[in-house]
Amino acid sequence: MELTLGKATLENKNVLKQMLELYRYDFSEFDSSDLNEDGQYGYAYLDDYWQEEGRHPFFIKVDNRYAGFVLVRKIRDTYAIAEFFVMKKYRKMGIGRQAAFLTFDRFPGKWDVAQIPKNKPAQSFWVRIIDDYTNGEFTDQFSDTDQVRYQTFTTSKTVTREAVK
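Anchor point for the sequence shown: position 31 equals 31 in the UniProt record's numbering, and the numbering is continuous, going up by one each time.
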């Protein structure tokens, strides 16, 4: 099984748009989102990933098949996972872990990874992944202001590989 993390292009933006609908459907369990008048959840920032500095869209592929996506933002001097999605058939296989590691490797520097309080599965996932990635060298906090739990860490790795087998 080969996992790749590849940049989403303008040519395959519609694939990302469709995958965001699946993601938003899954996420509606935690944020009570409703469909809009067009029968979609929508994603207000999709176009920004091709128009603004500091936004990086990636597809997660397994054996050259779409398996998920990662949306990364750089805000000032800190990277953040804006959205992270692994399709259900690829969960519990280490795909999310590998994709997260590749993402962190690709962008050395300071990271903040946040989760909303209701999304306990995401909190559990990210604490476990970041603990493994950093060998426990991270902070885990709750922000009363933003109402999110977040982990902060720094990585100095620079990786040029595209795949993990």
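No residue lacks a Cβ here, since even glycine has one placed at the ideal position from N, Cα and C.
Please read these numbers as outputs of a predicted model, since none were measured by experiment.
Output the residue ranges of the beta strand (DSSP E) runs that lie fully inside the region 33-78 and measure 3 residues or longer, sorted by chain position. 55-62 and 65-75
Hey, would you say I60 sits closer than 9 Å to T4, going by beta carbons? Locating residue 60 in the sequence shown gives position 60, where the first residue counts as 1. Locating residue 4 in the sequence shown gives position 4, where the first residue counts as 1. Going by C-beta atoms, I60 is nearer than 9 Å to T4.
Inter-residue Cα distance where the pair is T155 and A99: For the purposes of this step, residue 155 is identified with residue 155 of the sequence shown, where counting begins at 1. For the purposes of this step, residue 99 is identified with residue 99 of the sequence shown, where counting begins at 1. Their backbone Cα atoms lie some 15 Å apart in a straight line.
Counting Cβ pairs closer than 8 Å, one from the region 112-123 and one from the region 43-56, do we hit at least three? no
Mind checking which residues open and close the alpha helix (DSSP H) that includes T139? Sequence index remark: in the sequence shown, residue 139 carries index 139 (1-based). Note, T139: premise wrong, no alpha helix (DSSP H); beta strand (DSSP E) at T139 to S143.
Distance, R76 Cα to F107 Cα: Position 107 of the sequence shown, counted from the first residue, corresponds to residue 107. Position 76 of the sequence shown, counted from the first residue, corresponds to residue 76. Taking the straight line from one Cα to the other gives about 14 Å.
Could you round the C-beta distance between Y41 and S33 to whole angstroms and report it? I think they count as a contact, below 8 Å. Start at 1 with the first residue of the sequence shown, and residue 41 comes out as number 41. Start at 1 with the first residue of the sequence shown, and residue 33 comes out as number 33. About 6 Å; that satisfies the 8 Å criterion.
If you draw a straight line from the alpha carbon of Q123 to that of R149, how long is it in whole angstroms? Translated into positions along the sequence shown, residue 123 becomes position 123. Translated into positions along the sequence shown, residue 149 becomes position 149. Rounded to whole angstroms, Q123 to R149 spans 8 Å at the Cα level.
If you drop the 5 nearest sequence neighbours on each side, which residues of the same chain put their C-beta closer than 7 Å to that of F101? Residue 101 sits at position 101 when you count from the first residue of the sequence shown. Correct list, in chain order: Y133.
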